[in-house]
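Residue numbers (my numbering), protein chains in the order written: chain P, 1 to 393; chain R, 1001 to 1393.
Okay, so here's the structure we're looking at.
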């Protein structure tokens, strides 16, 4: 199968040959050579698959009638409580709504994602089991990494530590954490559990950290120190890390050096009201910075759609990116940098690589981020998966 | 013409009868009564036309190949300079790119807008003349209010004061202003010119104010005091007013009282990196708060698309709106509140009102804002103007 007249991110015009799911050639296009069986991309910009570094497949209510947000306060704890009520009232299993979301993100060109899945002592492993079904169902189309996420805390939800370890045994890929101080009120206690299980099970970590200011920085530094001590560099991420955007630049730079040295990546979804970490500074200091959707139409947020070009735009908008090289950073966060953070070994547009890509009408990466055009084509393993934003299969 | 089975914002199911461009009846729907000439909306949510309270039709580069941002700094003055270079290099007149943008916003359901148009001592009234052509061209489809906008300042661009007055004589509807202190370095001097011309010509004002902190608050208070003294209440707006989001709540509340008392409205586009004014607080204190796109793919910003549901989402995201009643505020800002700020006398879904509306697939106003679905139908004066996001005419 030949996908003719693709414009690659470097601006070159190529024909993409695919066989048995791999790219077998990327040759300079010659329009005279188009044959009837070729698919002519007409110069559309071809990107590697989009990567969602932070999604909550078990939380979304996508596909259900609108559910108003009922949180009675604006703190994380208020929203945890509100979510419990939504969960108790829902009649459709998380595997169904999660599948709705996976279908939507596939159509937008996301072929790899990391999903946090709630685990606490009331839920047990129920949500994990539901999302494992989703992963199995879409296994040929999308990579889903699962993070065992203690949404209600670890110490304040007794029994959760054992459940987290059981989750790993049952198929979760990473351990999650949540505001060791803000939720559990015990930095070392929270991290002892996480790094203890991680060391024992040989898995990575992705820790939610909303705690701001100097307190949040102290938590980041503790995570970095423990990551380094445990030799887990490259396998640990902190999601949100609002604190990095709420302290003086010099202090954020110190923290960035520690994170880079330890191999701790930072995920940002381009928060609406919270402070956004200084993305360019973090990158300059060697930190892997990647993007994710975070909540999509769930008890936490009414917003979000799972479209990672839309997300890159939001990240760029919040980070005050205006120049092309800055917009390219937002793009990198939802493609290569996210692939690196997720540890995807087989990623990228190259001969021998997977024949997975997304085509959009845009003259440049910067334009693709700013205009977030509809996906003209999504190709997985050399086969057309979606066309004009609609799944084909 | 009957548009059957509309769901109105209050949740009622109605048939909309239109004749000679007006709504002649809003009767409870009875599906059995649909005739062949009716257009069945199938229960779609019908909204009044969207209103863009702040757009720059002369700045956009929409429809041209991507133009990278070349500003060498991040200050307003740097961007003014960068825009001069973009303007000098462009070969397509502003009337053409402005028309591109008008077509795009029409398709998204915006039928009323307020456009600022650059005026300075190098440009003269050139951009005004170009945008007057656009207004004339689309006069039957969209209301375009024009603000004579001194993008390079008034005092620092000698001759601009006379040009602003000439612009009003030639068809601009309001006078604009720009950071009296931050750009012109002279609060009273800047406001003397604006209120002098406004008094003489009997026009309103819409002043860009990026200046933050206590300095920006002082400018707001001066504008409020002069508005009250001049009896211009209800005809003055301040756009952006980032300062309101950068001072303690009590101080913002004091300013809100002064603005409400004077009849000064506040426009916010939901800024990406700057502080957003406390929208709910302003409304609680009686200030009219409305929304606008601001820059759309121009020398200032690569972002924006002119879709006011997308904009309402951005505003809500930045303002941390999560509950339905908050999302309804974002909706109000791009519909009724904006219509009020623009002084639109003939606005709203009611018998006797204009047969102008937008239909979307959404179960509620909150869902329409959060999900910003494609516009199923845009109707102007009882005629279908756009369908599924595409202009029909």
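Don't be surprised by glycine CBs; every beta carbon is placed ideally from N, CA and C.
None of the values given here were measured: they were computed from a predicted structure.
Separation of residue 121/P and residue 174/P (C-alpha to C-alpha, rounded to the nearest whole angstrom) is 19 Å. The alpha helix (DSSP H) runs lying completely inside the region 114 to 188 of chain P and spanning 4 residues or more are 126 to 137 and 160 to 169, given in chain order. Judged by DSSP secondary structure, residue 1100/R falls within the alpha helix (DSSP H) whose first and last residues are 1094 to 1107. Looking at the backbone, the Cα of residue 1149/R and that of residue 1386/R are separated by about 31 Å.
Among the residues of chain P, those whose CB is under 9 Å from the CB of residue 1323/R are 68, 69, 70, 71 and 302, following chain order.
If you check the CB distance, residue 1317/R and residue 242/P do not come in under 7 Å. Contact annotation, residue 1051/R with residue 1007/R: C-beta distance approximately 21 Å; criterion of less than 8 Å not satisfied. Of the candidates 228/P, 220/P and 299/P, the residue whose Cα lies closest to the Cα of residue 253/P is 220/P.
In terms of Cβ geometry, residue 1119/R and residue 1155/R do not form a close pair [threshold 7 Å]. Counted as a single uninterrupted DSSP element, the beta strand (DSSP E) harbouring residue 1017/R occupies residues 1013 to 1019. In the three-state reduction of the DSSP assignment, residue 1110/R falls in the strand class, which pools E and B. As the crow flies, the alpha-carbon of residue 41/P is around 50 Å from that of residue 160/P. Straight-line measurement puts the Cα of residue 260/P at about 14 Å from the Cα of residue 244/P. What residue 1330/R touches in chain P, judged by beta-carbon distance under 8 Å, is nothing: the nearest beta carbon there is about 10 Å away. With a 10 Å radius around the Cβ and a threshold of 16 neighbouring Cβ atoms, residue 75/P comes out exposed. Residues of the region 363 to 376 of chain P with a C-beta atom less than 9 Å from some C-beta of chain R are 363, 364, 366, 367, 369, 370, 371 and 372, listed in chain order. Contact between the region 101 to 111 of chain P and the region 292 to 309 of chain P is present: 3 or more CB-CB pairs across the two stretches fall below 8 Å. Against chain R, the beta carbon of residue 156/P has no neighbour under 7 Å; the closest one sits roughly 24 Å away. Interface flag for residue 1272/R against chain P is set, since a Cβ pair is found closer than 7 Å.
Shown here for residue 92/P: same chain residues with a beta carbon closer than 7 Å to its own, the five before and five after excluded, namely 64 in chain order. The region 1345 to 1362 of chain R makes no contact with the region 305 to 312 of chain P, as fewer than three CB pairs between them are under 8 Å. Comparing alpha carbon positions, the residue from 1274/R, 1273/R and 1331/R closest to residue 1291/R is 1331/R. Check the Cα spacing between residue 1325/R and each of 1131/R, 1368/R and 1183/R: the tightest is with 1368/R.
Nearest in C-alpha terms to residue 1128/R, of all of 1086/R, 1081/R and 1172/R, is 1172/R.
For residue 1005/R, no Cβ of chain P is located within less than 7 Å of the residue's own Cβ. The Cβ neighbour count for residue 337/P, taken over all protein chains shown within 10 Å, is at least 16; the residue is labelled buried.
From the listed residues 1211/R, 1202/R, 1213/R and 1269/R, the smallest Cα separation to residue 1236/R is found for 1202/R.
A residue is called buried once 16 or more other Cβ atoms fall within 10 Å of its Cβ, and residue 1142/R is buried on that count. Residue 1036/R is not bridged by DSSP to any residue. Per DSSP, reduced to three states, the secondary structure at residue 64/P is coil, with no helix or strand assignment. If the five residues before and after residue 1125/R are omitted, its C-beta is found closer than 8 Å to the C-beta atoms of 1119, 1163, 1166, 1167 and 1170, all from its own chain and listed in chain order. In the same chain as residue 226/P, and ignoring 5 residues on each side of it, the C-beta atoms closer than 7 Å to its own belong to 191 and 195, in chain order. The alpha carbon of residue 273/P has as its nearest neighbour, out of 1319/R, 1084/R and 1284/R, the alpha carbon of 1319/R. For residue 46/P, the uninterrupted beta strand (DSSP E) segment begins and ends at 45 to 47.
For the pair residue 1238/R and residue 1207/R, the CB atoms are nearer than the 7 Å cut-off. The beta-carbon distance between residue 1014/R and residue 1027/R, rounded to whole angstroms, is 6 Å. This is short enough to meet the 8 Å contact definition.
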